[in-house]
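Read the structure below first, then the notes.
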Amino acid sequence: MFHADNAYCLQNAQITGYRCRTNTVSNTAFRGFGGPQGMLTIEAAMDHMASTLDIDPVDVRLRNLYRPGNDETPYGQKVTDFRLGRMMDQLIEQSHYRQRRQGIAEFNARQSYLRRGLALTPVKFGISFTATHLNQAGALIHIYSDGSVHLNHGGTEMGQGLLTKVQQIVASAFGVSTALVQVSATATDKVPNTSPTAASSGTDLNAMAALDAANQIKARLIAFLAQGDVVGPGEFSDGKVRHGDVIWDWADLIQAAYLNRVSLSATGFYKTPDIHFDRATGKGQPFYYYAFGVACSEVVVDTTTGEYRLSQVDILHDVGRSLNPALDQGQIEGGFVQGLGWLTTEELLWNEAGHLISNSPSNYKIPTAFDIPDHFKVTLFQEDNPEATVFHSKAVGEPPLMLAISVWCALRDACRRPMQPLPDLAVPATPEQVYWALSGRKDAADLGRGP
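For the sequence shown, my numbering assigns the number 1 to the initial residue and increments by one for each residue that follows.
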């Protein structure tokens, strides 16, 4: 429900969530935690408006974006970061959207069996746990007398690169090589009361806690160097520590500090500021900031079978000041492909007894290398986060999954007949569902689903 508006200012909106009892297995949280479903609904509405008014869908989206004066979400939070309009303009130009839209219209007019579709969709995703108390993290840093650094924090590494990012941040704070910083796996006997590594907040929370611990030790080292003089800020870089005219090698300084009984261990803590939400009124500021993205996808559909191919994807994603561009690009690519599976192939089917029958790799299809388009371009939109996140970076965990909504919208675009409204198209949009949508059946979303 927090993301049912996606990127659009809905000045007159009432959003109600209903819990429905089913006779199938219960579900659980997944990347996006309900946000993808909310966004899909409003993106379908944008396409419906464009179709009804005979306007290019991208223009309908641009006209309805949050902007100064139209900046309040349905839950009362003000949007203050308006970079998404510039991002959309940049990707429209970069992907040659206008020219391709004209070319696709000409292609579809002369083709009988193949149809192409194109869509460009934005993402605005709030970053923070909406349960305010979870927005906290701790970290523990030890520096040993040889200058090596040991770090433990409350985040869980699951392949997303969290340990690498926090390691880089601590190394940067001390001005040493990452080779000197050893990160151990999360352990609650070292850092207690850890929050889940979720809500795209792993780096935002744990890196800030680690930075707090590092800054405490740095302050002690500078005070030791000052030896009673005025304590200045000091400079930690390139394996050296500078304070006034004094320059120390990192390892030598640590050895000297140890011999002079300076504490070389610290615990850090961070809590996200300025967030609150009243569940009784449905109002507040549940998110510290928003991350943005835009994707442009093109598909080719065989009208005789419903089979299709994703031919081109262009993505522009907001990362603030990226901590690690390679990791961020990997998260964006992986998130998009995961969203592609949700929207096109990963279909759950049950028999009449309620037993899951799509229960193996042979009948539950996840995306493979063959589903990735030949043209798959990801560009990082690097512009400082206006909020005081670690080095003014932005989260890239969950938002990229919703970029794949552009593929579903492109499939609907390909299924539309001239002078006809947009067809219904189920999710996931398997070839069978695309075939039914092409046929113009009003009940296409229910066909082929079983009881």
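All residues carry an ideal CB built from backbone N, CA and C; glycine is no exception.
Have a look at residue i and residue j and give me their C-alpha separation to the nearest angstrom.
i	j	result
H355	G306	27 Å
L348	Q37	16 Å
N23	G85	43 Å
L140	A179	18 Å
P434	S148	Checking the sequence, you will find Val at residue 434 rather than Pro. C-alpha separation (whole angstroms): 58 Å.
K365	E346	5 Å
S184	T16	44 Å
H3	I127	11 Å
D71	R83	13 Å
K240	F224	15 Å
R31	W248	46 Å
A45	S112	28 Å
K271	H392	16 Å
D470	W350	Absent from the structure is residue 470, since the part of the chain shown begins at 1 and ends at 451.
G448	R115	Only weak support is given to the placement of G448: the predicted model assigns it a pLDDT of 45, under 50, and the value that follows is read from those uncertain coordinates. About 23 Å.
D424	V407	15 Å
A105	S311	16 Å
D443	V427	Since pLDDT at D443 reaches only 49, below the 50 mark, its modelled position is unreliable, and the value read off the structure follows with that caveat. Computed Cα separation, rounded: 13 Å.
Is the beta carbon of residue i sitting closer than 8 Å to the one on residue j?
i	j	result
A453	D146	Absent from the model: residue 453. The displayed extent of the chain is 1 to 451, so no value can be given.
P431	Y289	no
V246	A210	no
G103	L411	no
S51	L422	yes
V396	D328	yes
T132	V390	no
V299	A414	yes
T130	T156	no
A404	F336	yes
L134	P196	yes
A119	L65	no
Any idea if residue i is buried or exposed, counting beta-carbon neighbours within 10 angstroms, 16 or more meaning buried?
i	result
Q338	buried
M419	exposed
Y75	buried
T194	buried
P325	exposed
V25	exposed
S200	buried
A369	exposed
T28	exposed
Q331	buried
N359	exposed
D47	buried
Starting from the Cα of residue i, find the closest Cα among the options and give me that residue.
i	options	result
L10	S26, F30, E43 and N27	E43
T267	K394, A207, T389 and T132	A207
L323	N152, Y18, D5 and F381	F381
A295	S177, K165, T132 and P399	P399
Q182	T188, Q167 and F292	Q167
D374	L401, S297, A414 and V301	S297
N385	G334, C415 and D318	D318
D54	I92, A7, R417 and F292	R417
G334	S360, P367, K394 and G440	P367
P122	D274, G320, M1 and L40	L40
A13	R19, D238, C20 and M1	M1
Can you find a CB in chain B that lies within less than 8 Å of the CB of residue i?
i	result
G239	Among the chains of the structure shown, chain B does not appear; only one protein chain is present.
### Message
Counting beta carbon pairs with one atom in the segment 208-225 and one in the segment 125-142, are three or more of them shorter than 8 Å?
### Response
yes
### Query
Is it a yes or a no for the segment 97-110 touching the segment 266-285, going by three-plus beta-carbon pairs under 8 Å?
no
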